[in-house]
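Engineer: Encoded as structure tokens, here's the structure I'll be asking about.
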Amino acid sequence: MKKADIQRFFEILRTENPEPKGELNYTNPYTLLVAVALSAQATDIGVNKATEKLFKIVKTPQDMLKLGEDGLKDHIKTIGLYNTKAKNVMAAAEMLVRDYGGKVPEDRDELVKLPGVGRKTANVVLNIAFGHETIAVDTHLFRVSNRTGLAPGATPEAVEAKLEKVIPPEFRRHAHHWLILHGRYICKARKPSCPVCPVRDVCGFKDKTEY
DNA sequence: CTCCCGATAT
DNA sequence: ATATCAGGAG
């Protein structure tokens with residue numbers, strides 16, 4: 282995508298949604314970390330449904346250890362991949378208490394050491410909980426970046442690197458949320474709403490009228 | 001690359 | 001009936 286079009290792309294998204302917010306519910310850096318870890322291959326709505334009760338009981342990794350793996354499973358059985366997620370969340374809680382004083386580290390290399398936390402989840406926590414200008418490339422950003430021609434890449438890592446190069450500094454802070462929301466409601470995987478897309482004029486997607 | 005894996009949209 | 005959903009680990 283041309284530099285001028287990229288500028289327009291984000292100006293349009295910013296105009297429509299000046300302060301974009303994610304749709305995963307959380308109360309602090311730890312619950313954000315848990316919510317994002319649970320959200321792999323699942324919808325926000327499904328995760329929020331489970332965490333609504335969970336986060337009334339659990340606010341810290343210490344709370345999570347008290348609840349226990351079976352107790353956690355009871356809360357998240359409606360979420361896909363719940364077995365491995367429960368195991369990872371418990372192991373991460375142990376590590377947070379033992380090695381980090383129960384605090385979520387503000388460092389990607391440290392975050393990625395936690396079981397069930399990969400680069401994408403770490404980047405979300407750094408961006409949303411700590412205000413870093415990191416761009417977490419999830420399924421939506423990967424699809425939108427490639428489809429529109431904003432930042433094509435074969436892997437999420439490649440797309441992330443390209444996004445950091447092409448997105449003007451003024452848009453980096455909110456780029457993740459703008460793109461994820463655009464991907465969820467307009468530039469959808471199955472049936473993109475190109476006819477009503479606000480950025481269709483600067484989009485490189487071939488069949489713009491497909492629906 | 002495969003496995004994990006329930007809920008929802010199409 | 002099947003594709004997809006705020007991915008990560010082996």
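For the record, in the first sequence the residue sitting at position 61 is 342 according to my numbering, with numbers rising by one throughout. Built from N, CA and C at the ideal position, the CB exists for glycine as well.
For residue 471, name the three-state secondary structure that DSSP assigns.
Structural biologist: coil
Engineer: In chain order, which continuous runs of the alpha helix (DSSP H) of length 4 or greater are located wholly inside the segment 398-482?
Structural biologist: 400-405, 420-429, 437-447, 450-466
Engineer: Taking just the CA atoms, how far does residue 364 sit from residue 280?
Structural biologist: Residue 280 lies beyond the range of the chain shown here (282 to 492); nothing can be said about it.
Engineer: If you check the beta carbons only, do residue 308 and residue 340 fall under 8 angstroms apart?
Structural biologist: For the pair residue 308 and residue 340, the CB atoms are nearer than the 8 angstroms cut-off.
Engineer: Is the distance from the Cβ of residue 425 to the Cβ of residue 286 below 8 angstroms?
Structural biologist: no
Engineer: What are the boundary residues of the alpha helix (DSSP H) that includes residue 291?
Structural biologist: 284-297
Engineer: Grab the span of the alpha helix (DSSP H) containing residue 353 for me, first residue to last.
Structural biologist: 350-357
Engineer: Using 8 angstroms for Cβ pairs, my map puts residue 480 next to residue 294. What's the rounded Cβ distance?
Structural biologist: 7 angstroms
Engineer: Between the segment 413-430 and the segment 457-471, can you find at least three pairs of beta-carbon atoms closer than 8 angstroms?
Structural biologist: yes
Engineer: Over what stretch of residues does the alpha helix (DSSP H) that includes residue 329 continue unbroken?
Structural biologist: 325-338
Engineer: Using a Cβ-Cβ cut-off of 7 angstroms (strictly less than) and excluding sequence neighbours within five positions of residue 470, which residues of its own chain qualify?
Structural biologist: 424
Engineer: Which residue wins for smallest C-alpha separation from residue 320, given the options 366, 427, 488?
Structural biologist: Answer by Cα proximity: 366.
Engineer: For residue 338, is the classification buried or exposed, using 16 other Cβ atoms within 10 angstroms of its Cβ as the cut-off for buried?
Structural biologist: exposed
Engineer: For the alpha helix (DSSP H) holding residue 394, just list the boundary residues, first then last.
Structural biologist: No alpha helix (DSSP H) contains residue 394, which DSSP labels as neither H nor E.
Engineer: From which residue to which residue does the alpha helix (DSSP H) around residue 377 run?
Structural biologist: 363-381
Engineer: Let's test the definition: count the other Cβ atoms within 10 Å of the Cβ of residue 466 and tell me whether it reaches 16, buried, or not, exposed.
Structural biologist: By the neighbour-count criterion, in which 16 or more other beta carbons inside 10 Å mark a residue as buried, residue 466 falls on the exposed side.
Engineer: Starting from the Cα of residue 442, find the closest Cα among 464, 414, 451 and give me that residue.
Structural biologist: 414
Engineer: Could you tell me how far apart the beta carbons of residue 437 and residue 384 are, in whole angstroms, since I believe they sit closer than 8 angstroms?
Structural biologist: Going by Cβ atoms, the distance from residue 437 to residue 384 rounds to 27 angstroms, so no, they are not a contact pair.
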